[in-house]
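One structure is given below, encoded as structure tokens.
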Amino acid sequence: MPIKACADKLKREMELYGYPPQFPNEEKIEEEIKDDIVIKDKSKGTKSKAIAKTTNAKYQWQIMQMLGLKNEDIKKFADASYWLDYFPPLAVKDIKSVGLHVDWRRTFITTDANPFFDSFVRWQFQHLKNRNKIKYGKRYTVYSPKDGQPCMDHDRSSGEGVGPQEYTLIKMKLQEPYPSSLKSLSGKPVYLVAATLRPETMYGQTNCWLHPDINYIAYVLPNGDVYISTERAARNMAYQDFFEEEGKIPIVLKFTGKEILGLPLEAPLTNYKVIYTLPMLTIKEDKGTGIVTSVPSDSPDDYAALMDLKKKQALREKYNITDNMIFSYDPVPIIEVPEFGNLCAVTLYDKLKIQSQNDKVKLLQAKEMAYLKGFYDGVLLVGQYKGKKVQDVKKHVQKELINEGKAVIYYEPEKTIISRSNDECVVALCNQWYLDYGEETWKKEAIEALNNLNTFHDEVRKNFMACLNWLHEYACSRTYGLGTKLPWDENWLIESLSDSTIYMAYYTVAHLLQGGTFKGDKPNTYNIKPDEMTSEVWDYIFFKDTKFPKTKIKKEALDHMRREFNYWYPVDLRVSGKDLIQNHLTFFIYNHIAIWSKQPELWPKGIRANGHLLLNSSKMSKSEGNFLTLAEAVEKFSADGMRLCLADSGDSIEDANFVESTADAGILRLYTFIEWVKEVLASKDIFRQGKPYTFNDKVFESEMNQKIQETEENYSKMLYKEALKTGFFELQAVRDKYLQLSALDGINWILIMKYIEFQIILLSPICPHITEHIWTLIGKEGSILNARWPQVGFIDEVLIKSSQYLMDAAHSFRILLKNYLTPKKTQKGKSETLTVEKPTEGTIWVAKTYPPWQSTILTVMKNLYLKNDNNLPENKIIALELGKHQELKKYMKRLMPFVQVIREKIQLVGLNAFNLTLDFDEFKVLQDNKKYLENTLDLENIVIKYTNEAPEKTREECCPGAPYMNFSVKLGIPVFIINPQKYNGLFRMTIKIANADTVENIISRISKDSKLIKNSSLISLYRYNDPLLGPRNKPTTENILKGKTLIPPNSVFNVDMESKNISVDVEGITYNVGNELIYIYQSLEN
């Protein structure tokens, strides 16, 4: 249908505007967002959210120009068949450009232009009819008068997912004498007809609303009754058997609403004998009939409008409304609503402080509260069904009104629907072929199939169930467009959502029939002709118990096709958009059940529904310049750059978001990874050779195995964003941590090469081109596509926890160090003038157990957790329990923060959060990694102790898994350290020497102070022979070590803080060194 409609639009545009067309000024048509609250008898949770397209009313010619086509080429598209030749090859080209692996032999077109597929669809529908799944008759359906046929989802330019909405059309009889504007209708029964979703509220009518400025019409029905409504509503009625001739409205009068205000009416069910037509300024012409029944007891809009008239005399006078028309009418209690009483609207009007009928935001809020609660929980207070729930009596009240001739059934679209031929659709009652999806046995089987099917997301399953609950008959035929003709009635075409429900079965044999073409118009593998593919032949291919048919086709060929089908079926996975849950994907389930009713093992096994794709957080729109084609994305970001960003755009059925800055960052990250691999390969000698053995080696190996396992699980669930997270971002973070922690011990070559191999295999489904390139860089043979998924090795969970503990502890120590170095504030709030001296030593305190008050809290929380089915109760309950323990009184301010910490920990580790000890020896972990901690904290020495030696305040800061750290400065005397070597950037520095420092300590401080020194083992330390006069002598470049003596590495310095004297002990002999030393960096010497 879309192709045919677009082709015909091009024809009409050339007929109207010439070639090339000269168009008039454009008008923009946008679908308005409705604020109506609709109570549904069927669940349409997803359907109500399905694509509500907003479109510009651009001409088809202009749309084609936006695709980059020239006028002489666009002209060819007026022939619908040209579309089938032009676009498919371009689609193949674009798909190949992103590196998608496709078996192109199975490519085909799904119209009767492909006789093989046409034969397949005819076979399918003949079986559906024979099994009584397809029926013929009148039914309400969305219809395009311009196209003269039903308008299904794929036939629409806006309003996809929108269906027919049933209303009860309430007939309010106008009392004579009629006003002058209606004088010509005297003697005829005239009714103002109002469309309502809640006929049970008619007991509370107090008046009838009209919009003063809306145009209304009066028209005659075959029985002589005259109805008054908007022409739009009458247009819908014209296709629902209201009139003698379909599509023709017998209009007798046209007028505006203000001409019929203040008229007396007789309304059904209300206690008032007469009600009046009154003005309401918020009525919309594109919804309902433009006439509204007023029930101010339960409708906030009605009560607000009634109060406006009562409070504003000027408003009454403007429309000639007399006092007796409104002041004699008060809201009538008809429904008891929990929380809101028997005058629901009045209660909410006062509660929300609504001022007038123009207070739209508050009125919408009030409607949501009143309508939903009133419908589902309200109890009727009047009439025959008094005492019963509203939702239980609605249909009964509707039926009685219809039987008594006081109402009729009326349908219109839930929202505005525009066909692709630019026609506003109506709801029509028309004869057509339809699939009876509401049939109970078929529906029951569909539910059974859904229960055994993987939907990947619970929300998708819920949406399927909602669809199964409301879906009944669905029109499967049309008279306009492209497609396969109904086998038994070739005046009808099979619509596009119905002929594509089991074509996955055709895929299994397409390569043997299509001959490598889209239309199957070239010789195929077994030289089979389309007319040879009879129903009996298809039966033999697809049904296991069917005997070989009478046919010219060789048995070898049909057996081959049969094997292909049985090899591939059932469908393991069907991937499509979330908007197709409500139609195509549900039909997919139903049709598989119908065709293979005796072979449930062939029913679908999995459906993955995707969200739509946003671009830079906004909906893609050519008119707004926010648009990106597949080809443009590849050109802009490369195939792998685009794929990486797509994978990172989102996983759930929520709309994914392709952010161009993220794509740029992804490209940079991939480039950085390639360059890093090259650097690794070029510097093999700097890596530690041999088998991995260190603590960090073992952690790295376990964490790699963990990420392999997590990534495999994410891929199997089709969670590509999560797979990218675990298999690329987190795996790289694991690598970076290993490189950081192994800086002192050395990085193991075997492990780093294993990491590179694992990394590219895990990333290859998303970025195949780059990973293929790296595969060859590291010397692997063949293609990475043939590489096996890495085997998950041993994962030492305890080791990983201990490593994470180390990282967390180091992080907390850095924060404590930062706080230590922050100048303290004086009482006046000013910083101290003296900076805090950088610490040289630290003491780490490790707790063997929790402090008693924390142990008590953990015990209490664990008991509450177990009693509450492994869930923590609310904090106020926990606080109440903790308040019973006297020993906790002094810690009251610290109780709930600690509770919150444990609550968050439970989310991560569950019951283990209550453990009083850890799974590993944290003291040993810290001790084994002491060098790393000293290096990362830039301390010269760290001592690790248990808290039983610590002051009480420190003990309170510690608990298992949360060590604490104190910092201190080792007392010493600053000395000048000078490098006399010429032509270098090594300058004089000040180094503090403390008592018992070794030469190694001093050299370490020198190397830390200068980034030019790469190897501290090449530094030698010298003293002046004469510590007093030596520094004062004029230096010479010829002999820079004259008057200086090497201090051996095993020497120890002695510092007397009282006399400020520094000496060095060299093999038992003490030498005074004064306040200057010399250092030589041997790499600078020739």
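FYI, in UniProt numbering the residues of the sequence shown are 1 to 1086.
Don't be surprised by glycine CBs; every beta carbon is placed ideally from N, CA and C.
- [ ] Can you tell me which of the three DSSP states I653 falls into?
- [x] coil
Open item on the list: Classify W123: buried if its beta carbon has 16 or more other beta carbons within 10 angstroms, exposed otherwise.
Closed with: buried
TODO: Starting from K1044, follow the beta strand (DSSP E) in both directions and report where the run begins and ends.
DONE: K1044 to L1046
Open item on the list: If I follow the unbroken alpha helix (DSSP H) through L864, where does it start and stop?
Closed with: Membership of L864 in the alpha helix (DSSP H) is indicated by the continuous run P852 to K867.
Task: Unbroken stretches of the alpha helix (DSSP H), 4 residues or longer, contained in the region 712–749 - done: 720–724 and 730–741
- [ ] Grab me the residues of I942's own chain with a C-beta within less than 8 Å of its C-beta, minus the 5 sequence neighbours each way, in chain order.
- [x] If we look at I942 and ignore the five residues flanking it on each side, its Cβ neighbours are E841, G842, T843, I844, K930, L933 and E934.
Task: Reference L719; option with closest CA among A234, S652 and L670 - done: Restricting attention to A234, S652 and L670, the CA atom closest to the CA of L719 is found in S652.
Open item on the list: Taking 8 Å as the cut-off, does the region 724–738 touch the region 688–707 (at least 3 CB pairs, one atom from each stretch)?
Closed with: yes
TODO: Tell me whether V699 sits in a helix, a strand or coil according to DSSP, three-state version.
DONE: helix
- [ ] Excluding the 5 residues preceding and the 5 following I756 in the sequence, name in chain order all residues of the same chain whose CB lies nearer than 8 Å to its CB.
- [x] V677, V680, I774 and I778
Open item on the list: Check this for me: beta carbons of M172 and L269, under 8 Å apart or not?
Closed with: no
Open item on the list: Just to check my reading of the structure: residue 1110 and G746 have Cβ atoms closer than 8 Å, yes? What is that Cβ distance to the nearest angstrom?
Closed with: There is no way to answer for residue 1110, as the model of the chain reaches only from 1 to 1086.
Open item on the list: Would you call the region 601–616 in contact with the region 648–663, where contact means no fewer than 3 C-beta pairs closer than 8 Å?
Closed with: yes
- [ ] Please state whether DSSP places N1054 in a helix, a strand or coil.
- [x] strand
Task: 7 Å CB neighbourhood of E722 in its chain, flanking five on each side removed - done: Taken in chain order, the residues that qualify are D651 and N714.
Open item on the list: Once DSSP output is grouped into helix, strand and coil, what is the label at C959?
Closed with: strand
Open item on the list: With three or more beta-carbon pairs closer than 8 Å as the criterion, would you say the region 508–528 touches the region 64–83?
Closed with: no
- [ ] Report the three-state DSSP secondary structure of D436 (helix, strand or coil).
- [x] Here D436 sits in strand by DSSP.
Task: Reference K362; option with closest CA among F375, L348 and L372 - done: L348
TODO: Work out the CA separation of D648 and I39 for me, nearest whole Å.
DONE: Low confidence applies here, because I39 scores a pLDDT of 46, under 50, leaving its location unreliable and the question unanswered by this model.
Task: alpha helix (DSSP H) runs contained entirely in the region 284–372, provided each spans 4 or more residues - done: 300–311, 313–318 and 344–351
Task: Nearest residue (CA-CA) to M892, options R903, Y86, E904 and A879 - done: For M892, the closest alpha carbon among the candidates R903, Y86, E904 and A879 is that of A879.
TODO: Answer with buried or exposed for F327, where buried requires no fewer than 16 other C-beta atoms within 10 angstroms of its C-beta.
DONE: Classification for F327: exposed.
TODO: Please go through the region 167–225 and give each complete alpha helix (DSSP H) segment of 4 or more residues, from N-terminal end onward.
DONE: List check, alpha helix (DSSP H) in window: nothing returned.
TODO: Pick helix, strand or coil for K554, following the three-state DSSP scheme.
DONE: coil
- [ ] Please report how far the alpha carbon of N868 lies from the alpha carbon of K876, in whole angstroms.
- [x] 15 Å
Task: E887 vs P852 beta-carbon contact at 8 Å - done: yes
Task: Where N454 falls: helix, strand or coil (DSSP) - done: strand
TODO: Closer than 7 Å by C-beta to V798: which residues in its own chain qualify, once you throw out the five before and the five after it? Chain order, please.
DONE: D919 and F920
Open item on the list: Are the CB atoms of H584 and L471 within a distance shorter than 8 Å?
Closed with: Cβ distance not < 8 Å, so L471 and H584 don't count as in contact.
Open item on the list: The alpha helix (DSSP H) that contains R903, what's its start and end?
Closed with: M892 to V909
Open item on the list: Let me check one thing: in DSSP terms, what residues is P279 bridge-paired to?
Closed with: L210
TODO: Assuming S477 contacts L486 (C-beta within less than 8 Å), just tell me the rounded distance between them.
DONE: 6 Å
- [ ] Quick one: grab the DSSP three-state call for F794.
- [x] coil
Task: F548, buried or exposed, once every other Cβ within 10 Å from all chains shown has been counted against 16 - done: exposed
Open item on the list: For V659, list the residues DSSP reports as bridge partners.
Closed with: Answer is none; V659 lacks a bridge partner.
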